[in-house]
Structure formats: C-alpha cells, structure tokens
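With the first letter of the sequence shown counted as 1, position 63 gets the number 68 in the numbering used here; the numbers rise by one all the way through.
I have placed the structure first, in the form of structure tokens, so that the comments after it can refer back to it.
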Amino acid sequence: MSKYFGSEVPIKMGREVKSLRDFSDVPKGTHGTVIDYWKADKGKYGVDILWHRFPGDSLKDGFSKDDYDEYLEEV
6 MSKYFGSEVP
16 IKMGREVKSL
26 RDFSDVPKGT
36 HGTVIDYWKA
46 DKGKYGVDIL
56 WHRFPGDSLK
66 DGFSKDDYDE
76 YLEEV
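Put into structure tokens, the structure is as follows:
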C-alpha cells in the first residue's frame, strides 16, 4: 500500500525534481516540475510532476510520497 503526503502537502508547486532511475517513459536524469496535487484519500495527497523529456515533449505523472522519495531527487 502506498504512503501519501499528509493534509499539508510539503512539496511546493514549481519545485524542480529529477528522476533517479528510468520509469514510465522517463529516462534517468530527466528533469520535471511539481505542477499540482491530488486527493488520494481523506487528508492524504499525491503530487503531479510535469516531465520535460525532450524539447517540445512533456509528460504528466502522479506520485505518492513513497514513490516521490524513491524515484525523485529535488534539484
């Protein structure tokens, strides 16, 4: 079962991140931006990352807290 962010999402919108490994069509080292959050359950939230994969090509992907901690690094 995934762990989610609490009632106060600690990740600020606009925060820059990079991937620590390849996943979901996102190569390791790809940079992205936290663009939104979503409600997972009562008082629990996930965040959306907009990945900047190639010039003119982006991908939006959602992350729980445990996935954020495992797959991403804040830059």
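Glycine included, each C-beta is placed from N, C-alpha and C at the ideal position.
Chain-order list of residues whose beta-carbon lies under 7 Å from that of residue i (same chain, five-residue window excluded)
i   : result
L64 : D30, V31, W56, R58
Extent of the continuous beta strand (DSSP E) to which residue i belongs
i   : result
D62 : 62-68
S24 : 21-24
T38 : 36-46
G51 : 49-59
Whether residue i touches residue j by CB criterion (8 Å)
i  : j   : result
S7 : G48 : no
Y9 : Y76 : no
Beta-carbon proximity list for residue i, same chain, < 8 Å, skipping 5 on both sides
i   : result
D41 : M18, V52, D53
Sequence-distant residues of its chain with Cβ nearer than 6 Å to residue i (five each side left out)
i   : result
D27 : K33
Reference residue i; option with closest CA among the options
i   : options            : result
T38 : I16, R20, D72      : R20
A45 : I16, K70, P15, E79 : K70
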